[in-house]
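Here's the structure, in structure tokens; my notes come after.
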Amino acid sequence: NYRVQGDRYIVDTIFDKAILIAGVGRSQDRVTITRTGK
């Protein structure tokens, strides 16, 4: 679950890895977020 606050996404849980994808097919832009500290 998540909510939008201004220009930010607020997630309700801690995740190890997330991929944000904008676009379709070859014109996709991807951002990978990886949790490093546990």
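Everything in the sequence shown is counted per this note's numbering, starting at 117 for the first residue and increasing by one. Quick reminder that beta carbons are idealized off the backbone N, C-alpha and C, glycines included.
| Item | Value |
| --- | --- |
| Beta-carbon contacts of residue 188 that lie in its chain and below 8 Å, excluding the five residues immediately before and after | The structure shown does not extend to residue 188, since the chain is modelled only from 117 to 154, so the question has no answer here. |
| Contacts around residue 150, its chain only, beta-carbon distance under 6 Å, and the 5 residues preceding and following it disregarded | 133 |
| Residues sharing a beta bridge with residue 119, DSSP | 126 |
| Backbone secondary structure at residue 142 - three-state DSSP | helix |
| Rounded separation between residue 139 and residue 153 - CA only | 30 Å |
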